[in-house]
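Structure, as structure tokens:
2 protein chains.
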Amino acid sequence: MSTVVNEVNRVTSENNRADQPIYQKLCDAVQEATLLARIQHLLEWDEQTKMPKAGGAYRADQMAYMAGLVHQKQTAPEIGEWLDQLVDSPLADDPTSDTGANIAHLRRDYDKKTRLPQSLVEQLAKACTLGQQVWVEARNADDFKKFQPNLEEILCLKREEAAALGYEQTPYDPLLDDYEPGESTANVARVLSELRDALVPLVQAIAESKQRPDASLLARSYPVEAQESFGIAAAKRIGFDFGAGRLDVTAHPFCTGLGPGDVRITTRYDEHAFSDAFFGILHETGHGLYDQGLPRKHYGLPIGEDVSLGIHESQSRMWENQVGRSRAFWEHFYPQAQAAFPAALKDVAKEEFYGAINDVRPSLVRVEADEVTYNLHILIRFELEQALIEDRLQVADLPGAWNEKYQHYLGITPPSDADGVLQDVHWSAGLFGYFPTYALGNLYSAQFFRQAAADLGDLDASFRKGDFSSLLSWLRENIHRHGRRYSPAELVERITGTPLQHEPLISQLTAKYGEIYGL
Amino acid sequence: MSTVVNEVNRVTSENNRADQPIYQKLCDAVQEATLLARIQHLLEWDEQTKMPKAGGAYRADQMAYMAGLVHQKQTAPEIGEWLDQLVDSPLADDPTSDTGANIAHLRRDYDKKTRLPQSLVEQLAKACTLGQQVWVEARNADDFKKFQPNLEEILCLKREEAAALGYEQTPYDPLLDDYEPGESTANVARVLSELRDALVPLVQAIAESKQRPDASLLARSYPVEAQESFGIAAAKRIGFDFGAGRLDVTAHPFCTGLGPGDVRITTRYDEHAFSDAFFGILHETGHGLYDQGLPRKHYGLPIGEDVSLGIHESQSRMWENQVGRSRAFWEHFYPQAQAAFPAALKDVAKEEFYGAINDVRPSLVRVEADEVTYNLHILIRFELEQALIEDRLQVADLPGAWNEKYQHYLGITPPSDADGVLQDVHWSAGLFGYFPTYALGNLYSAQFFRQAAADLGDLDASFRKGDFSSLLSWLRENIHRHGRRYSPAELVERITGTPLQHEPLISQLTAKYGEIYGL
Numbered sequence: 005m006s007t008v009v010n011e012v013n014r015v016t017s018e019n020n021r022a023d024q025p026i027y028q029k030l031c032d033a034v035q036e037a038t039l040l041a042r043i044q045h046l047l048e049w050d051e052q053t054k055m056p057k058a059g060g061a062y063r064a065d066q067m068a069y070m071a072g073l074v075h076q077k078q079t080a081p082e083i084g085e086w087l088d089q090l091v092d093s094p095l096a097d098d099p100t101s102d103t104g105a106n107i108a109h110l111r112r113d114y115d116k117k118t119r120l121p122q123s124l125v126e127q128l129a130k131a132c133t134l135g136q137q138v139w140v141e142a143r144n145a146d147d148f149k150k151f152q153p154n155l156e157e158i159l160c161l162k163r164e165e166a167a168a169l170g171y172e173q174t175p176y177d178p179l180l181d182d183y184e185p186g187e188s189t190a191n192v193a194r195v196l197s198e199l200r201d202a203l204v205p206l207v208q209a210i211a212e213s214k215q216r217p218d219a220s221l222l223a224r225s226y227p228v229e230a231q232e233s234f235g236i237a238a239a240k241r242i243g244f245d246f247g248a249g250r251l252d253v254t255a256h257p258f259c260t261g262l263g264p265g266d267v268r269i270t271t272r273y274d275e276h277a278f279s280d281a282f283f284g285i286l287h288e289t290g291h292g293l294y295d296q297g298l299p300r301k302h303y304g305l306p307i308g309e310d311v312s313l314g315i316h317e318s319q320s321r322m323w324e325n326q327v328g329r330s331r332a333f334w335e336h337f338y339p340q341a342q343a344a345f346p347a348a349l350k351d352v353a354k355e356e357f358y359g360a361i362n363d364v365r366p367s368l369v370r371v372e373a374d375e376v377t378y379n380l381h382i383l384i385r386f387e388l389e390q391a392l393i394e395d396r397l398q399v400a401d402l403p404g405a406w407n408e409k410y411q412h413y414l415g416i417t418p419p420s421d422a423d424g425v426l427q428d429v430h431w432s433a434g435l436f437g438y439f440p441t442y443a444l445g446n447l448y449s450a451q452f453f454r455q456a457a458a459d460l461g462d463l464d465a466s467f468r469k470g471d472f473s474s475l476l477s478w479l480r481e482n483i484h485r486h487g488r489r490y491s492p493a494e495l496v497e498r499i500t501g502t503p504l505q506h507e508p509l510i511s512q513l514t515a516k517y518g519e520i521y522g523l
Numbered sequence: 005m006s007t008v009v010n011e012v013n014r015v016t017s018e019n020n021r022a023d024q025p026i027y028q029k030l031c032d033a034v035q036e037a038t039l040l041a042r043i044q045h046l047l048e049w050d051e052q053t054k055m056p057k058a059g060g061a062y063r064a065d066q067m068a069y070m071a072g073l074v075h076q077k078q079t080a081p082e083i084g085e086w087l088d089q090l091v092d093s094p095l096a097d098d099p100t101s102d103t104g105a106n107i108a109h110l111r112r113d114y115d116k117k118t119r120l121p122q123s124l125v126e127q128l129a130k131a132c133t134l135g136q137q138v139w140v141e142a143r144n145a146d147d148f149k150k151f152q153p154n155l156e157e158i159l160c161l162k163r164e165e166a167a168a169l170g171y172e173q174t175p176y177d178p179l180l181d182d183y184e185p186g187e188s189t190a191n192v193a194r195v196l197s198e199l200r201d202a203l204v205p206l207v208q209a210i211a212e213s214k215q216r217p218d219a220s221l222l223a224r225s226y227p228v229e230a231q232e233s234f235g236i237a238a239a240k241r242i243g244f245d246f247g248a249g250r251l252d253v254t255a256h257p258f259c260t261g262l263g264p265g266d267v268r269i270t271t272r273y274d275e276h277a278f279s280d281a282f283f284g285i286l287h288e289t290g291h292g293l294y295d296q297g298l299p300r301k302h303y304g305l306p307i308g309e310d311v312s313l314g315i316h317e318s319q320s321r322m323w324e325n326q327v328g329r330s331r332a333f334w335e336h337f338y339p340q341a342q343a344a345f346p347a348a349l350k351d352v353a354k355e356e357f358y359g360a361i362n363d364v365r366p367s368l369v370r371v372e373a374d375e376v377t378y379n380l381h382i383l384i385r386f387e388l389e390q391a392l393i394e395d396r397l398q399v400a401d402l403p404g405a406w407n408e409k410y411q412h413y414l415g416i417t418p419p420s421d422a423d424g425v426l427q428d429v430h431w432s433a434g435l436f437g438y439f440p441t442y443a444l445g446n447l448y449s450a451q452f453f454r455q456a457a458a459d460l461g462d463l464d465a466s467f468r469k470g471d472f473s474s475l476l477s478w479l480r481e482n483i484h485r486h487g488r489r490y491s492p493a494e495l496v497e498r499i500t501g502t503p504l505q506h507e508p509l510i511s512q513l514t515a516k517y518g519e520i521y522g523l
């Protein structure tokens, strides 16, 4: 334990920094801000998982206060001054060195953050905390109008944020940049439309196929406690360290880092929907494995952090889909699943189960969508949130617009707002520009997985034996250990030799579903 | 929810205070410090109940940082200046008015706190966080030596603290004053010895009695899940609001306030020790009821806070003992207990059960002790911690001294340090001067309960019907709603008409145990 203290304990009070070299002062100040930001993560995690309802208002005050404090620390004028002195120093010469990457990222982050007034940061934090609380109530009551004023306020503040950050094409650009640094709205729109053009014929062919798996067996009784133990066992087996993490229950699953050695994932259980919790757990475990694989000695600095949400999502989607929905994975896990859920699975052959978990059909809820149609859910959100931010769509008209798009892209209309526009936490939390990173994650994951298979040989043979360590080591080596040293585009090119492309994903889906649906 | 926001949200950033009257500025700054202190409570609660082990080192850094920040806010020079201006103002004229009580307490707290250097506060917070982690390990391993260096460091820092605070008689005085403001070591020693002199003949008479209840029935199988539901149901019934609180599991039970509307209690379960968790839950619920009854509109200011640890303990002990171990209580709850634990209790008559939960015998573990011998456990700790703080006893000699005292006072010697000197979290958390408040709590609770019965008439008749609301209302009216308006001594005198005395406790115990043991 004391080793970790020595490694991590870089936070000294301001008075003790006087005699340090400038770069060390910079790191120290940034790690101090991170330490406080991680306290914010705890306040949020607790709010979503444990806090009694009546604690909400005071918690909102605390979160707003801490958001302001973190912002103040991150935007302290001396950080700007130190960066001014460092950007032309030899420490910054090699942008992929520890010091060079840190300085470059801190410069960019600082410039972006100092454009936001602290009062706006505090208002946003408070509006989003209350927004999430009201969203939970509105979703439970299937009452969008209850949430409407909160969303209007949040949008108003997000537009202020975009204006303060500045943009050329659309106010959506600077918001997207928060989650996928360097990406543009126009480019994401182009990539996603290429993906859509290639997906539509596949989805159509699957829809027309006479060969259909029976997914109803996943709606049998899967007792919640057994789901929890089975999910935890699978997360452990693929490498999640529960001595440095936890799994809890929330309305909307997420993964959050509270510190080096403390990564928390959440899920939600439905006795009659096996896939929801299980693939949700694999998904969040993928995020968690990335966080647990980041270099601890750089904790709190850019090269100790994840590259982007898209790269983060590539990790969760790979463990959820390329691994978790593969035949080889279930050759190892299916006997255990039958033992855990005898009532549901004792008369179900492994191949039937494999078909069921890979059933493709238009559905209402994004987090339960199959890996083929999933990207259409993202397209809908991406288009709607652009329209909201650009003020082309009013919040009052959002449920109607949502339902129209679902009818248009997926041929179905949500019977209720709870299963429609109220299903995701993101907007209530002010996370505009976040959704497209899910689709980018799918594209990255396919590209990375193809390369891993090329580098490591027969991955399926390992999976069949319940051995996931070679893939995890490959991810640690090629992605996790670098932190933010490379940009998403650099990382993809460095690892796979090609820029981001949709071909690997389409090719994997075509091969897999061609077989399942006899195309 | 928005009502509570308006009521509580008094925290404005420093820049916004310029135009406020001085008293409002003072309240604002103090409530800001409280808001941060409650974040510290969350960091601690989470560390004890949920945090994965590997998160400990970083958490220690966060807790040390926040301790320093809270101390900094509480000791900001402008608070001292505002207080200087306010103490002679009309607002301070009536020391029992809202403004007068706040100013008087803040003056006293400020003067005490400004005597501590921030570096010492930070060192203490860090040493105590690590101390608690090591204590858990040492206790699990029954290895005092593992914990010894941590305790030595903590003691060294506590002596520094006492020296910085200043004292005339003993360094223990200023430490005791932290928990029972205004009390002196000499006075507590006197009261406790009076109590002991009256207790010893009673304990002896009980020991010599041939009429003994069979307590072994409490060691039958009480499934943990049933214990949890039964405990929660009882806590709810006596008035704990689970919409504004939680119950979780920890090594050492506690109650902590995270905000208005967020009071958390903890317990620990042992399938074969019914009393541990159940009376532990009643005890912590008593604390929780006090916290839930404090005036919300003054949250974060002295008159929104509890009077002292002794008064706090009087609430927990009253619900645990005067209420929870009464015959009337079980006339309501026993049928439910039999339904919850059929295997253990179906053949047990209510009177047998009543005898079992009131079994008096010397035992090793304080938190499991009966209400008669309990105060002897406190005496041992009180004497040992005085000796440690006064450097009359070395930490290396502590286990031996502990065991000697147990032999001397209770006629038993712990078979292991885990059941002996390592049983309590307090010293590992730096809480020296805390233990005697448990005994004061017992004395206060007997005195208050006698008065409540005099005021309310036949309390037993209400308890038999499962109605605890009249007692809770009495406590709310006479104690909770006043916050820190009156000192412990003033409160006791105001409510009961007499100063603190040991007679009510001895009289209650003599009557009750006289009957049970046929004395």
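Taken in order, these protein sequences are the chains called A and B.
Position 113 of the first sequence, counted from 1, bears residue number 117 in my numbering, the numbering being contiguous throughout.
Position 95 of the second sequence, counted from 1, bears residue number 99 in my numbering, the numbering being contiguous throughout.
No residue lacks a Cβ here, since even glycine has one placed at the ideal position from N, Cα and C.
Review point. Which partner residues of B:C259 appear in the DSSP bridge assignment?
Key: B:I269
Point to revise | Reduced DSSP secondary structure (H/G/I, E/B, other) of A:G249 | key: strand
Check your understanding: Out of curiosity, what's the CA-to-CA distance linking B:Q427 and A:L222?
Key -> 49 Å
Exercise for review: Quick one: which residues of the region 47–72 of chain B get their C-beta closer than 8 Å to a C-beta of chain A? List them in chain order.
Suggested key: L47, D50, K54, M55, P56, K57, A58, G59, G60, A61, Y62, R63, A64, D65, Q66, Y69, M70, G72
Point to revise | Cβ distance (whole Å) where B:Y226 is taken to contact B:F278 below 8 Å | key: 5 Å
**Study point:** Length of the line joining the Cα atoms of B:E507 and B:A400
**Key:** 39 Å
Point to revise | Proximal residues of chain A, C-beta to C-beta of B:I43 below 8 Å | key: I43, L47, Q66, M70
Check your understanding: Any Cβ of chain B within less than 9 Å of the Cβ of A:L124?
Key -> no
Exercise for review: Could you say which of A:Q52, A:I83, A:A37, A:E335 lies nearest to B:D65 if we only look at CA atoms?
Suggested key: A:A37
Point to revise | Secondary structure of A:G522, DSSP reduced to three states | key: coil
Check your understanding: Under the criterion of a Cβ to heavy atom distance below 8 Å, does B:R42 qualify as lining the ligand SAH?
Key -> Looking at this structure, you won't find the ligand SAH or any other ligand, since it has none at all.
Check your understanding: Quick one: any contact between the region 470–487 of chain B and the region 451–460 of chain B, if contact means 3 or more CB pairs under 8 Å?
Key -> yes
Review point. Which of helix, strand or coil does DSSP assign to A:E372?
Key: helix
Review point. From A:Y517 to A:L397, what distance separates their C-alpha atoms?
Key: 37 Å
Exercise for review: Residues of the region 244–275 of chain A with a CB closer than 9 Å to any CB of chain C: list them in chain order, please.
Suggested key: As a matter of chain content, chain C is missing from the structure shown, whose protein chains are A and B.
Review point. Which class does B:A515 belong to by DSSP, given the choice of helix, strand or coil?
Key: helix
Exercise for review: Quick one: using the 10 Å Cβ neighbour count with 16 as the cut-off for buried, is B:Q173 buried or exposed?
Suggested key: exposed
Check your understanding: Can you give the Cα-Cα distance for B:L155 and B:L251, rounded to whole angstroms?
Key -> 29 Å
Exercise for review: Count the other CB atoms, across all protein chains shown, that sit within 10 Å of the CB of A:P94; report buried if there are 16 or more and exposed otherwise.
Suggested key: exposed
Point to revise | Beta-carbon gap between B:E184 and B:P503 smaller than 9 Å | key: no
Review point. Using the rule of at least 16 other Cβ atoms within 10 Å of the residue's Cβ for burial, across every protein chain shown, is A:V34 buried or exposed?
Key: buried
Exercise for review: Determine the chain A residues that contact B:L305 at a beta-carbon separation under 7 Å, and present them in chain order.
Suggested key: In chain order: nothing, as chain A lies at least about 14 Å away.
Review point. Taking the C-alpha atoms as reference points, what is the distance between A:T457 and B:A255?
Key: Thr is not the amino acid found at residue 457 of chain A; the sequence shown has Ala there. Spanning the two alpha carbons is a distance of roughly 47 Å.
Review point. Given B:T118, which residues of its chain have a CB within under 8 Å of its CB, disregarding the five upstream and five downstream residues?
Key: T79, G84
Check your understanding: So, using beta-carbon positions, are B:K162 and B:F436 closer together than 9 Å?
Key -> yes
**Study point:** Under 9 Å by beta carbon: chain A residues contacting B:L39
**Key:** Y62, D65, Q66, Y69
Review point. Around the Cβ of A:S123, are there at least 16 other Cβ atoms within 10 angstroms (buried) or fewer (exposed)?
Key: exposed
Review point. In whole angstroms, what separates the C-alpha of A:S197 from that of A:D97?
Key: 38 Å
Point to revise | Stretch-stretch touch, CB-based, cutoff 8 Å, three pairs: the region 371–382 of chain B with the region 227–242 of chain B | key: no
Check your understanding: Quick one: is A:Q319 buried, meaning 16 or more other Cβ sit within 10 Å of its Cβ, or exposed?
Key -> buried
Review point. Taking C-alpha atoms, which residue in B:G186, B:K130, B:D113, B:V74 lies nearest to B:G60?
Key: B:K130
Practice item. Below 6 Å CB to CB, which residues in the same chain sit around A:T133 once its five sequence neighbours on both sides are set aside? Key: A64, M67
Practice item. Look at the alpha carbon of B:F246 and the alpha carbon of B:F234, and state the distance between them as a whole number of angstroms. Key: 14 Å
Practice item. Tell me, please, whether the CB atom of A:E497 is closer than 9 Å to any CB atom in chain B? Key: no
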